[in-house]
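To keep things clear, I will list the structure first and then write my remarks on it.
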């Protein structure tokens, strides 16, 4: 089912995993950091902190790794809550014979260490944030969530605290969004950029882990009661399904962002399809208690609570799989999938999925000619999937109808064929159904043609042509209308020939039966194809081409509302581009506030980086407690309503950090004007009261 290429053993439960091009790192709950050289697979251990201290909980997410070669770990040293350290160089020398030898030879990490302070006790959960891992987020038993600088451990932000222990933290790739949960069953999602809350909800149990996907528009989360959630943060919807038989503990996302890989305490790995929140595949490992997961290139790293780490080749046998697909050898392709379940999430597996859709047509045709054995043989490689097997079994039960329908069409018994078709909708996707409809379309067109040539002389002949279809319930009305009101049909045809589409569609609204004609459907297809083209022009900022195409399709009246919306898109995008070019920031953000869809427009996404860069620079001043410099850096954005909460929080945190620095030095006199400023602007909030109590100044 999977291919484990390496396994390692640590002293304790694996609580965090990390990998880069040449190395693998992981930490256990007994305060060890481990490093592996990928070229030699040599394991080395390093002591993070006092390893005589009590072990952390085996499933505690109290360790994390950043992208800039640093790690963070929960400690309690002189009142600190965590330590941030530089990852050591990885050794490729020697052979590690046993875990006992590895840990016995472990030495303390010699690189730079910085300690974080803020929580009442050691941090319970933590993660890195920001594109370069420049921020650290921590959550504690005090219900507080803090953001620090990973460069100097300065406190940069205090997020909304919760009334219970923080259970998990998860940041998106850019660090803009943070998801965190608590043991009170609450789940929160914060937009760090704007200092706003996107989600605040209570669930049936504690959220164990989460991840962002679809450009962070959606959040995938798992709870300890086996429920899988997908939250759409823009549409404010949730897709909830109880799908895990054992307690889920951790999750990661694949490189295509289509699947989540979920680990459980029972030792199962589940592959969840994010499009509909269903389990796509399962695999049971020979170890229980999966405590951590990581996807790195073609590897899946699996950490267990007994100290084992498995290195799984995600795409083992991919060459055999791709060759089989290229040769349409689906039995061999299925054998590769059976040998490695993770090939189901490889992008190439999409070809296998598409092959089934094409094969369904072949299966229907095989049933139509009574070739059941061939149909079963063709379907066999795909039937391990429950939904496909149900689909095939249904068609298998209806094979007599497929055969009968084909015979009726071949014998030109059209009324009987249509009767069977109307009672058995699954026959619509057969070649016989297409052939049957083509016969009627051709016959109806021929009848119109001869009526148009000479209505008086050819009327009886047209009736005779259509007679075989006169008993078909779905065709009676349109045939009757042609016979009684043939001038309307001829008028419609003339409008199309003259390309007078406006009057044609007005006529179809007046006489809806015209919509059943093939020409109406073809014109609608033309309009819909052009609408797709217009949207592409808009997305690529080719507005002139979009406008010209809209003008061409305007006469297609059924699409008037869609075209109006597209024209409006062009208008507001052009307006936004103009405001950005003139750097009218307040007006630009006001327009985006009115039309939230503009947030994802490429040039606006780029424009927002101006504020992100300013905040990044301001955070240095926030960490130092330099209030005036923080205000100065962010002052160009004061008039933008959307930024006010963020700017206010930056100034508040800067003032807080300044006060703490002065209180530490017992410079109470110097602190008095800052105290006055803080109380005036922010009031006596929880952070202020906690700070004054800490230094005995609450009186």
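Numbering (this note's numbering), first residue to last: 175 to 873. Even glycine gets a Cβ: it sits at the ideal position worked out from N, Cα and C.
- Which listed residue (474, 870, 528) has its alpha carbon closest to that of residue 180: In the chain shown, the residue the question calls residue 180 occupies position 6. Nearest C-alpha to residue 180: 474.
- Applying the criterion that 16 or more other CB atoms from any shown protein chain within 10 Å of the CB defines a buried residue, is residue 535 buried or exposed? For the purposes of this step, residue 535 is identified with residue 361 of the chain shown, where counting begins at 1. That one is exposed.
- With DSSP collapsed to three states, give me the class of residue 655. Translated into the one-based positions of the chain shown, residue 655 becomes position 481. Of the three classes helix, strand and coil, the one that applies to residue 655 here is helix, per DSSP.
- Rank 741, 524, 291, 706 by C-alpha distance to the C-alpha of residue 718 and give the top, closest one. Looking up residue 718 in the chain shown gives position 544. Minimum Cα distance to residue 718 is reached at 741.
- Item | Same chain, Cβ closer than 6 Å to residue 128, neighbours up to 5 away in sequence not counted | Because the chain spans 175 through 873 in this model, residue 128 falls outside it and cannot be assessed.
- Message: Alpha carbons only, please: which of 396, 407, 211 is nearest the one belonging to residue 419?
- Response: One-based indexing of the chain shown puts residue 419 at position 245. Measuring from the Cα of residue 419, the nearest candidate turns out to be 396.
- Item | Enclosing alpha helix (DSSP H) for residue 383 [first to last residue] | What you label residue 383 is simply residue 209 of the chain shown in a count that begins at 1. Premise fails: residue 383 lies in the beta strand (DSSP E), 381–387, not in any alpha helix (DSSP H).
- Task: Evaluate contact between the stretch 505–512 and the stretch 430–438, counting only Cβ atoms and requiring at least three cross-stretch pairs below 8 Å.
- Result: no
- Between the beta-carbon of residue 193 and the beta-carbon of residue 206, is there less than 7 Å? Sequence index remark: in the chain shown, residue 193 carries index 19 (1-based). Sequence index remark: in the chain shown, residue 206 carries index 32 (1-based). Against a cut-off of 7 Å, the Cβ pair of residue 206 and residue 193 comes out as no contact.
- Message: Taking the straight line between their C-alpha atoms, what separation do you get for residue 840 and residue 282?
- Response: Taking the first residue of the chain shown as 1, we reach residue 840 at position 666. Taking the first residue of the chain shown as 1, we reach residue 282 at position 108. Answer to the nearest angstrom: the Cα atoms are 35 Å apart.
- May I ask which residues mark the beginning and end of the beta strand (DSSP E) holding residue 273? Along the chain shown, read from residue 1 onward, the residue named residue 273 stands at position 99. No beta strand (DSSP E) holds residue 273; the alpha helix (DSSP H) holding it covers 273–278.
- Message: Let me see if you follow: with CB-CB separation under 7 Å, is residue 365 close to chain D or not?
- Response: The structure shown contains no chain D; it holds only a single protein chain.
- Item | 7 Å CB neighbourhood of residue 277 in its chain, flanking five on each side removed | The sequence position of residue 277 within the chain shown is 103, counting from 1. Closer than 7 Å at the Cβ level, and outside the excluded window around residue 277, lie 185, 206, 219.
- Sub-7 Å separation of residue 238 and residue 312 beta-carbons: Working through the chain shown from its first residue, we reach residue 238 at position 64. Working through the chain shown from its first residue, we reach residue 312 at position 138. Not in contact: residue 238 and residue 312 (Cβ atoms no closer than 7 Å).
- Message: I'd like the list of long-range same chain contacts for residue 349, defined as Cβ closer than 6 Å, with 5 residues on each side in sequence excluded.
- Response: Counting from one through the chain shown, the residue named residue 349 turns up at place 175. Closer than 6 Å at Cβ, skipping near neighbours: 303, 304, 309.
- Query: Is DSSP giving residue 909 helix, strand or coil here?
  - Reply: Here the chain covers residues 175 to 873 and nothing more, so residue 909 does not appear.
- Message: Just list the residues that DSSP pairs residue 426 with in beta bridges.
- Response: Position 252 of the chain shown, counting from 1, holds the residue named residue 426. BP columns for residue 426 point to 435.
- Residue burial classification, residue 362 (beta-carbon count within 10 angstroms, cutoff 16): Here the question's residue 362 lines up with position 188 in the chain shown. Result: buried.
- Task: Say yes only if the C-beta of residue 743 is nearer than 6 Å to one or more non-hydrogen atoms of the ligand GDP, and no if none qualify.
- Result: In the structure shown, the ligand GDP is absent, as is every other ligand, since no ligand is present at all.
- Message: Judging by CA-CA distance, which residue of 244, 296, 316, 614 is the nearest neighbour of residue 326?
- Response: Here residue 326 refers to the residue found at position 152 when the chain shown is read from its first residue. Per the Cα distances, 244.
- Do residue 424 and residue 377 have their CB atoms nearer than 7 Å? Here residue 424 is taken as the residue at index 250 of the chain shown, counted from 1. Here residue 377 is taken as the residue at index 203 of the chain shown, counted from 1. The answer is no: Cβ separation not under 7 Å.
- Alpha carbon to alpha carbon, how far is residue 593 from residue 529? Residue mapping note: residue 593 aligns to position 419 of the chain shown, counting from 1. Residue mapping note: residue 529 aligns to position 355 of the chain shown, counting from 1. The straight-line gap from Cα to Cα measures roughly 31 Å.
- Might you give, ordered along the chain, the residues of its own chain that have their beta carbon closer than 7 Å to the beta carbon of residue 644, omitting 5 neighbours on each side? Within the chain shown, residue 644 is the residue found at index 470, counting from 1. Cβ within range, chain order: 650, 653.
- Considering only residues of the same chain and omitting the five flanking positions on each side of residue 701, which have a CB-CB separation below 6 Å? Locating residue 701 in the chain shown gives position 527, counting from the first residue. Hits under 6 Å: 727, 730, 733.
- Item | Alpha-carbon spacing of residue 266 relative to residue 482, whole angstroms | Locating residue 266 in the chain shown gives position 92, counting from the first residue. Locating residue 482 in the chain shown gives position 308, counting from the first residue. Looking at the two C-alpha atoms, the distance is approximately 21 Å.
- Those runs of the alpha helix (DSSP H) which lie wholly inside the stretch 668–713 and span at least 4 residues: 675–684, 692–713
- Query: For residue 342, which of helix, strand or coil comes out of DSSP?
  - Reply: For the purposes of this step, residue 342 is identified with residue 168 of the chain shown, where counting begins at 1. Three-state DSSP puts residue 342 in a strand.
- Query: Quick one: what does DSSP say residue 264 is sitting in, helix, strand or coil?
  - Reply: For the purposes of this step, residue 264 is identified with residue 90 of the chain shown, where counting begins at 1. DSSP, reduced to helix, strand and coil, places residue 264 outside both helices and strands of the structure shown, so it counts as coil.
- Query: Does the separation of the CB atoms of residue 507 and residue 498 fall below 7 Å?
  - Reply: Along the chain shown, read from residue 1 onward, the residue named residue 507 stands at position 333. Along the chain shown, read from residue 1 onward, the residue named residue 498 stands at position 324. The answer is yes: Cβ separation under 7 Å.
- Message: Does residue 169 come out as helix, strand or coil in the three-state DSSP assignment?
- Response: Outside the modelled stretch of the chain, which goes from 175 to 873, sits residue 169, for which no answer is possible.
- Query: Got a sec, what are the start and stop residues for the beta strand (DSSP E) residue 877 sits in?
  - Reply: The requested residue 877 does not occur in the structure, where the chain is confined to residues 175 to 873.
- What residues in its chain sit with their C-beta under 6 Å from that of residue 664, if we drop five residues either side in the sequence? Position 490 of the chain shown holds residue 664. Within the same chain, and ignoring the five residues on either side of residue 664 in sequence, the residues whose Cβ sits closer than 6 Å to its Cβ are 626.
- Quick one: what does DSSP say residue 337 is sitting in, helix, strand or coil? Walking along the chain shown from the start, residue 337 turns up at place 163. Here residue 337 sits in coil by DSSP.
- Query: If you run the structure through DSSP and keep just helix, strand and coil, what is residue 417?
  - Reply: Working through the chain shown from its first residue, we reach residue 417 at position 243. Residue state, collapsed to three classes: coil.
- Distance CB(residue 187)-CB(residue 496) smaller than 7 Å: By 1-based counting over the chain shown, the position of residue 187 is 13. By 1-based counting over the chain shown, the position of residue 496 is 322. Result no, Cβ atoms of residue 187 and residue 496 do not sit closer than 7 Å.
- Task: Write down the C-beta distance between residue 541 and residue 577 rounded to the nearest angstrom, noting that I regard them as a contact closer than 8 Å.
- Result: Counting from one through the chain shown, the residue named residue 541 turns up at place 367. Counting from one through the chain shown, the residue named residue 577 turns up at place 403. Contact holds; Cβ gap of about 7 Å.
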